[in-house]
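Residue numbers (the working numbering): 198 to 338.
Glycine included, C-beta positions come from ideal geometry on N, C-alpha and C.
Here the structure is a predicted model, which is why all the values come from computation and not from measurement.
Structure, as structure tokens:
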Ligand SMILES: [Zn+2]
Ligand SMILES: [Zn+2]
């Protein structure tokens, strides 16, 4: 597929591009953000190329739930507290890469002002938390 062939996250998932992978299974890959905005900053992606959260529907609830579970596992493995974390998705046009990715940030106190209050501001026009995304998708059923 031409689109996924040029997608940097698809290339990371296919190991055609290098990234510091912290978790992978048959459906998901998680790697360190190349420009971290927090002490722990990981991106968890599905291997399938979904462009952005606007494409998610009620059919994706299980997938989004699973991504939350994996995110908490990764944080625990990395010695970070899942409770003191920010998990969420960017809305267009705030996606740097058009491939669905869950930002995993920990702890919020390590984030700079711009990241905390603008780029990753909870439930803003730029960023929707994982919990709010699940609510949104459940409301679509
Ligand atoms: Zn992709
Ligand atoms: Zn993003």
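Ligand 2 and residue i: does any heavy atom of the ligand fall closer than 8 Å to the residue's C-beta?
| i | result |
| --- | --- |
| residue 246 | no |
| residue 302 | no |
| residue 228 | no |
| residue 292 | yes |
| residue 322 | no |
| residue 286 | yes |
How many angstroms separate the CA atom of residue i from the CA atom of residue j?
| i | j | result |
| --- | --- | --- |
| residue 215 | residue 308 | 25 Å |
| residue 207 | residue 242 | 9 Å |
| residue 202 | residue 324 | 26 Å |
| residue 210 | residue 310 | 31 Å |
| residue 336 | residue 255 | 8 Å |
| residue 217 | residue 229 | 6 Å |
| residue 240 | residue 232 | 11 Å |
| residue 263 | residue 253 | 14 Å |
| residue 331 | residue 322 | 17 Å |
As a quick exercise: from the options, pick the residue whose alpha carbon is nearest that of residue i.
| i | options | result |
| --- | --- | --- |
| residue 297 | 305, 304, 287 | 287 |
| residue 227 | 233, 234, 219 | 219 |
| residue 338 | 271, 245, 259 | 259 |
| residue 284 | 293, 255, 248, 316 | 316 |
| residue 270 | 221, 322, 321 | 221 |
| residue 248 | 265, 263, 292 | 292 |
| residue 268 | 329, 328, 299 | 299 |
How about residue i: is its Cβ closer than 8 Å to a heavy atom in ligand 1?
| i | result |
| --- | --- |
| residue 206 | yes |
| residue 296 | yes |
By Cβ distance below 6 Å, which residues in the same chain neighbour residue i in space, the five residues on each side in sequence not counted?
| i | result |
| --- | --- |
| residue 236 | 307 |
| residue 234 | 308, 312 |
| residue 319 | 326 |
| residue 386 | Look at the range of the chain in this structure, 198 to 338, and you will see that residue 386 is not part of it. |
Once you ignore the five residues that flank residue i on each side, which residues in its own chain have a CB closer than 8 Å to its CB?
| i | result |
| --- | --- |
| residue 272 | 237, 278, 279, 282, 301, 303 |
| residue 223 | 244 |
| residue 305 | 235, 281, 282, 283, 313 |
| residue 354 | This structure cannot speak to residue 354, because the chain is shown only from 198 to 338. |
| residue 212 | none |
Enumerate in chain order the residues of its own chain whose CB-to-CB distance from residue i is below 7 Å, with the five nearest sequence positions on each side excluded.
| i | result |
| --- | --- |
| residue 257 | 334 |
| residue 328 | none |
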